[in-house]
Amino acid sequence: MVGAGSSLELIKRRTGFRGLFNHLLLVSSAVTMGGVAIWCMHFIGNRAIDLANGEPEMQIAYSRGFTAVSFFIPILVLLVAFLAIGTNNTVSWWRVIVGGVLCGVAICSMHYLGNASIKNYTCVYRPVNIVGSAIIAVVASNVALFTFFVFRAVWTNSWQKRAISAAVLASAVSGMHWCAATGTRYRLRDIKSEGNEPSKGATVIVVICLSLGACFIIATLAIIRARNMRKSALRAQQVTLGAAVFDKGGRILIDPDGFIPSIVVTDSFLEKALRNWSTISNFVGAELADRFHEDMTSVGVLWDEIIPTGPGSKWPRAQSRMGSRLSLSWGMGDAHEDNQSGSDMAEKGLNAR
Numbered sequence: 001m002v003g004a005g006s007s008l009e010l011i012k013r014r015t016g017f018r019g020l021f022n023h024l025l026l027v028s029s030a031v032t033m034g035g036v037a038i039w040c041m042h043f044i045g046n047r048a049i050d051l052a053n054g055e056p057e058m059q060i061a062y063s064r065g066f067t068a069v070s071f072f073i074p075i076l077v078l079l080v081a082f083l084a085i086g087t088n089n090t091v092s093w094w095r096v097i098v099g100g101v102l103c104g105v106a107i108c109s110m111h112y113l114g115n116a117s118i119k120n121y122t123c124v125y126r127p128v129n130i131v132g133s134a135i136i137a138v139v140a141s142n143v144a145l146f147t148f149f150v151f152r153a154v155w156t157n158s159w160q161k162r163a164i165s166a167a168v169l170a171s172a173v174s175g176m177h178w179c180a181a182t183g184t185r186y187r188l189r190d191i192k193s194e195g196n197e198p199s200k201g202a203t204v205i206v207v208i209c210l211s212l213g214a215c216f217i218i219a220t221l222a223i224i225r226a227r228n229m230r231k232s233a234l235r236a237q238q239v240t241l242g243a244a245v246f247d248k249g250g251r252i253l254i255d256p257d258g259f260i261p262s263i264v265v266t267d268s269f270l271e272k273a274l275r276n277w278s279t280i281s282n283f284v285g286a287e288l289a290d291r292f293h294e295d296m297t298s299v300g301v302l303w304d305e306i307i308p309t310g311p312g313s314k315w316p317r318a319q320s321r322m323g324s325r326l327s328l329s330w331g332m333g334d335a336h337e338d339n340q341s342g343s344d345m346a347e348k349g350l351n352a353r
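The structure is reproduced here in structure tokens:
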């Protein structure tokens, strides 16, 4: 549950296929799902299997090489699955289906690779359990991914509802494991040698460490989200002045965050208390002009309406309860153009938005 939840939260925060941050989110989501939700669950579950009335030398022993391979294989498959899902706000059904199938393949492959690492027993499987466990893994994975990505816009502020998707995805892992385990028979090959196998306590410690790491990821993401929501709430109560600056090639100037240069124009007492904005409209762009080292006379044309920019707002309206922006436009190197040219550029800037 912890691994599945942290993996879904990490996937949701991807914004594209490029950039170090997006790559880090992709790898982290695959590791938390493949390493914590699948790998840890498998070995914790297998530690509950007690053979030969609990005699120590008759318990399951694992090969370190196959155990390591079984950790990395599901992570690689999940990387492909999460890449297939994509990052678009519009849900692509075939992408989610492909991602769900690959997620189910990752769960099944890890389980049987993990069992292949057993060195003192030969596993014999019932075909009906193999088919049933595969169906459980694929169907539950698809249901979890569908509910998460189809309703993620509605569930953005509801962690309880997002937890439902995490629980369904975790059930895909657990359900597949125990369905396959009930159809598995163990044939003894040789007696387990003492001292060469980590204890059950050591396995539990490794799993706890990985799970705590996933919990730390979830807590960090929750803190970041709460901080961003506070910033958004503060921004929604402000009016900002944005400058649409174009070069001669028609390219618009943006800051490192991808937004047009802007300043808050309702942060002083005068602007908060003022009711007649026309009295300060002549110098409202002074700070932006100073930032661009331009004279106020060369700044350009001030759009005479406040443009709502919050979600669900309709343009044009003079007022909005959500965040709003004034628009100011001028061309770099074309400061002496006439007012008509400035108006055309302002209109172009609005259309670009």
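Under full-length UniProt numbering, residues 1 to 353 are what the sequence shown spells out, in order.
Built from N, CA and C at the ideal position, the CB exists for glycine as well.
List, from N- to C-terminal side, the beta strand (DSSP E) runs of 3 residues or more that fit wholly inside the stretch 25–95. none
With three or more beta-carbon pairs closer than 8 Å as the criterion, would you say the stretch 59–78 touches the stretch 106–122? Touching, yes.
Rounded to the nearest angstrom, what separates Phe21 and Leu51 at their Cα positions? For the purposes of this step, residue 21 is taken as residue 21 along the sequence shown, with counting starting at 1. For the purposes of this step, residue 51 is taken as residue 51 along the sequence shown, with counting starting at 1. Each residue's Cα considered, the two are about 46 Å apart.
Three-pair Cβ contact test at 8 Å for the stretch 25–34 versus the stretch 8–16: yes
Please name the residue in Phe259, Arg230 and Ala243 whose C-alpha comes closest to that of Ala289. Counting from 1 along the sequence shown, the entry for residue 289 is found at position 289. For the residues Phe259, Arg230 and Ala243, the minimum Cα distance to Ala289 belongs to Ala243.
Where does Ser117 fall in DSSP's three states? Looking up residue 117 in the sequence shown gives position 117. Here Ser117 sits in coil by DSSP.
On a CA-only basis, which of Val124, Ala166, Leu212 and Ile107 is nearest Ala137? Give me that one, please. One-based indexing of the sequence shown puts residue 137 at position 137. Ala137 has its Cα closest to that of Ile107, out of Val124, Ala166, Leu212 and Ile107.
Could you please give me the residues that DSSP links to Ser262 through a beta bridge? By 1-based counting over the sequence shown, the position of residue 262 is 262. Bridge partners of Ser262: Gly242.
Below 8 Å, how does it come out for the stretch 91–99 and the stretch 43–62: are there three or more Cβ pairs, yes or no? Under the three-pair Cβ rule at 8 Å, the stretch 91–99 does not count as touching the stretch 43–62.
Taking C-alpha atoms, which residue in Tyr62, Phe71, His23 and Gly16 lies nearest to Cys40? Here the question's residue 40 lines up with position 40 in the sequence shown. Cys40 has its Cα closest to that of Phe71, out of Tyr62, Phe71, His23 and Gly16.
Backbone CA spacing between Val96 and Arg185 [nearest angstrom]: Along the sequence shown, read from residue 1 onward, the residue named residue 96 stands at position 96. Along the sequence shown, read from residue 1 onward, the residue named residue 185 stands at position 185. Rounded to whole angstroms, Val96 to Arg185 spans 35 Å at the Cα level.
Separation of Ala37 from Val216, as counted between CA atoms: Along the sequence shown, read from residue 1 onward, the residue named residue 216 stands at position 216. Along the sequence shown, read from residue 1 onward, the residue named residue 37 stands at position 37. Contrary to the premise, residue 216 reads as Phe rather than Val in this sequence. Approximately 15 Å, taken between the alpha carbons.
Could you work out which residue in Thr147, Tyr121 and His111 is closest to Gly175 when comparing CA atoms only? Sequence index remark: in the sequence shown, residue 175 carries index 175 (1-based). In terms of Cα proximity to Gly175, the closest of Thr147, Tyr121 and His111 is His111.
Report yes if the CB atom of Gly5 is closer than 7 Å to the CB atom of Ala166, and no otherwise. On the sequence shown, position 5 is the one that residue 5 refers to. On the sequence shown, position 166 is the one that residue 166 refers to. In contact: Gly5 and Ala166 (Cβ atoms closer than 7 Å).
Arg13, enclosing alpha helix (DSSP H) - first and last residue: Residue mapping note: residue 13 aligns to position 13 of the sequence shown, counting from 1. Annotation: Arg13 is outside any alpha helix (DSSP H) and is labelled neither H nor E by DSSP.
How many whole angstroms separate the CB atoms of Met33 and Leu78, which I take to be in contact at a CB cut-off of 8 Å? Your numbering for residue 33 matches position 33 in the sequence shown. Your numbering for residue 78 matches position 78 in the sequence shown. Indeed they touch by this definition, with Cβ atoms about 5 Å apart.
Under the DSSP definition of a beta bridge, which residues are partnered with Val124? For the purposes of this step, residue 124 is taken as the residue at position 124 of the sequence shown. Val124 is bridged to Arg185.
Between which residues of its own chain and His42 is the CB-CB distance below 7 Å, once the five residues before and five after are set aside? Counted from its first residue, the sequence shown places residue 42 at position 42. These residues qualify, in order along the chain: Met110, His111, Gly114 and His177.
Determine, using beta carbons only, whether Ile38 comes closer than 7 Å to chain B. Although the question refers to chain B, the structure presented lacks it and comprises just one protein chain.
DSSP state of Ile252 mapped onto helix, strand, coil: By 1-based counting over the sequence shown, the position of residue 252 is 252. Strand, per DSSP.
Give the DSSP-derived three-state secondary structure of Val150 in the structure shown. The residue labelled residue 150 in the question sits at position 150 within the sequence shown. Reduced to three states, the DSSP call for Val150 is helix.
Measure how close the beta-carbons of Cys179 and Ser141 come, nearest whole angstrom, since I'm counting them as under 8 Å. As a working note, residue 179 is residue 179 in the sequence shown. As a working note, residue 141 is residue 141 in the sequence shown. Not a contact, Cβ separation roughly 14 Å.
The alpha helix (DSSP H) that contains Asp290, what's its start and end? Numbered from its first residue, the sequence shown carries residue 290 at position 290. Ala286 to Arg291 is the span of the alpha helix (DSSP H), which, as asked, contains Asp290.
What residues in its chain sit with their C-beta under 6 Å from that of Asp334, if we drop five residues either side in the sequence? Walking along the sequence shown from the start, residue 334 turns up at place 334. Residue confidence for Asp334 is low, a pLDDT of 42 falling below 50, so the modelled location carries little weight and cannot support an answer.
Would you decide whether Leu169 is buried or exposed? Buried here means 16 or more other CB atoms lie within 10 Å of its CB. Residue numbering aside, residue 169 sits at position 169 when the sequence shown is read from its first letter. With 16 or more other Cβ atoms within 10 Å, it is buried.
Considering only the beta carbon of each residue, do Asp190 and Asn129 sit closer than 7 Å? What you label residue 190 is simply residue 190 of the sequence shown in a count that begins at 1. What you label residue 129 is simply residue 129 of the sequence shown in a count that begins at 1. Contact: no.
Buried or exposed, going by whether 16 or more other CB atoms sit within 10 Å of the CB of Ala219? The residue labelled residue 219 in the question sits at position 219 within the sequence shown. Exposed is the call here.
When you compare only the Cα positions, how much space is there between His293 and Ile263? By 1-based counting over the sequence shown, the position of residue 293 is 293. By 1-based counting over the sequence shown, the position of residue 263 is 263. Cα to Cα, His293 sits roughly 15 Å from Ile263.
Helix, strand or coil: which one does DSSP assign to Arg18? The sequence position of residue 18 within the sequence shown is 18, counting from 1. Note: Arg18 maps to coil in three-state DSSP.
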